[in-house]
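K.L.:
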Amino acid sequence: MQTDPHIYETADASRTIALADGSHIALAPHSRLQIADGEQDMELSGGAWFNISHDPSRKLTITAGQLQISDIGTQFDVQHNGDGVRVNVAEGTVNVSSQALSAPVRLEAGRGLLFDASNGVSRVNAIPLEDAGSWRSGRLSYQSMPLALVASDITRYAGVQVTVAETLRNREFSGTLIVTDGKTALRDLSQLMGVDVTGNGDSFRLVPPDR
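Quick note, the sequence shown lines up with residues 4 to 214 if you use this note's numbering.
Below, the structure written as structure tokens:
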């Protein structure tokens, strides 16, 4: 008998979800996770850290945007913000598939995938293991990440609304931001990238420098 899916949503704080098999999911702030089919099919909007108990007879599939992430037991992080989907693996192996990809991608520990649905471009790169799910400890680490996705993360994890001028959206940022204070994180990012910040209160925009 098929049961209705369970839907979990967060506001300003993260939430831990325990599954029947002992697996745990940390659902990021401002995120939504739908769990169905005996906890084997999930759909994510936002961010989540997955710590999945190993069971070769049970495959977990997570849909994030146009991507499907399949796993039989590992630790990995998924971020789905607008057109961007990122998968970073800390332990074990996951498979990523999509009609938008030329072929399925197998990600092992220490590897990450970035997919941009706006242009269909994907890339796989090495990541430090500690960077996967680093938002749980109040920091965000990046390697050649488009500024638009960094801004989306600051909005989600630091509680300040950040947008990016069109001419800056694809500029790449590498580094680590501490997001326990959103305005400090935004100031640090603007200084590292050599861009200006406009706005006030809790709504800001990154713009080219006014020279």
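Every residue gets a Cβ at the ideal spot worked out from N, C-alpha and C, and that includes glycine. All values derive from a computational prediction rather than experimental measurement.
Which of the three DSSP states is assigned to D191 in this structure?
P.N.:
Locating residue 191 in the sequence shown gives position 188, where the first residue counts as 1. Of the three classes helix, strand and coil, the one that applies to D191 here is helix, per DSSP.
K.L.:
Would you list, in sequence order, the uninterrupted beta strand (DSSP E) runs of no fewer than 3 residues that lie entirely inside the region 140-171?
P.N.:
142-149 and 164-167
K.L.:
So, for S144: in the same chain, excluding its five sequence neighbours on each side, which residues have a beta-carbon less than 6 Å away from its beta-carbon?
P.N.:
For the purposes of this step, residue 144 is taken as the residue at position 141 of the sequence shown. Cβ neighbours of S144 beyond the five flanking positions: D134, S137 and T179.
K.L.:
Keeping to the same chain, check which residues put their C-beta closer than 7 Å to that of A51; ignore five residues upstream and five downstream.
P.N.:
By one-based count along the sequence shown, residue 51 stands at place 48. Contacts found: I28, A29, L30, A31, S34, L36 and V81.
K.L.:
Is the region 81-100 in contact with the region 140-160, if contact means three or more CB pairs nearer than 8 Å?
P.N.:
yes
K.L.:
Using the rule of at least 16 other Cβ atoms within 10 Å of the residue's Cβ for burial, across every protein chain shown, is T13 buried or exposed?
P.N.:
By 1-based counting over the sequence shown, the position of residue 13 is 10. The residue in question, T13, is buried, as its Cβ has 16 or more Cβ neighbours within 10 Å.
K.L.:
Would you check if the region 117-135 and the region 153-171 touch, i.e. whether three or more CB-CB distances between them fall below 8 Å?
P.N.:
no
K.L.:
Roughly how many angstroms lie between the CA atoms of D7 and A39, to the nearest whole one?
P.N.:
Position 4 of the sequence shown, counted from the first residue, corresponds to residue 7. Position 36 of the sequence shown, counted from the first residue, corresponds to residue 39. Near 7 Å, if we compare the C-alpha coordinates of A39 and D7.
K.L.:
At which residues does the beta strand (DSSP E) containing W52 begin and terminate?
P.N.:
In the sequence shown, counting from the first residue as 1, residue 52 sits at position 49. It spans D44 to N54 - the beta strand (DSSP E) in which W52 sits, taken as one unbroken run.
K.L.:
What does the Cβ neighbour count give for T183, buried or exposed, with the cut at 16 atoms within 10 Å?
P.N.:
Residue 183 sits at position 180 when you count from the first residue of the sequence shown. With fewer than 16 other Cβ atoms within 10 Å, it is exposed.
K.L.:
Between the Cα of S121 and the Cα atoms of A112, L104 and E111, which residue gives the shortest distance?
P.N.:
In the sequence shown, counting from the first residue as 1, residue 121 sits at position 118. Comparing Cα positions, the closest option is L104.
K.L.:
Could you name the residues that DSSP lists as bridge partners for E175?
P.N.:
Here residue 175 refers to the residue found at position 172 when the sequence shown is read from its first residue. Answer is P149.
K.L.:
Helix, strand or coil, according to DSSP, for D1 in the structure here?
P.N.:
Because the chain in this structure spans residues 4 to 214, residue 1 falls outside the shown range and cannot be described.
K.L.:
Between R114 and N98, how many whole angstroms is the CB-CB distance? I'm expecting something under 8 Å.
P.N.:
The residue you call residue 114 lines up with position 111 of the sequence shown. The residue you call residue 98 lines up with position 95 of the sequence shown. In this structure R114 is not in contact with N98, their Cβ atoms being roughly 12 Å apart against a cut-off of 8 Å.
K.L.:
For V260 versus L209, is the C-beta distance shorter than 8 Å?
P.N.:
One cannot answer for residue 260 here, as it falls past the ends of the chain, which runs 4 to 214.
K.L.:
Out of S177, T66, F53 and V198, which one is the CA nearest neighbour of S100?
P.N.:
Taking the sequence shown and counting its residues from 1, the one referred to as residue 100 is at position 97. The shortest Cα separation from S100 among S177, T66, F53 and V198 belongs to T66.
K.L.:
Count the other CB atoms, across all protein chains shown, that sit within 10 Å of the CB of A161; report buried if there are 16 or more and exposed otherwise.
P.N.:
In the sequence shown, counting from the first residue as 1, residue 161 sits at position 158. Under this definition A161 is a buried residue.
K.L.:
Kindly indicate which residue of F176, M45, V200 and D213 has the alpha-carbon position closest to the one of L63.
P.N.:
Mapped onto the sequence shown, residue 63 falls at position 60. Restricting attention to F176, M45, V200 and D213, the CA atom closest to the CA of L63 is found in M45.
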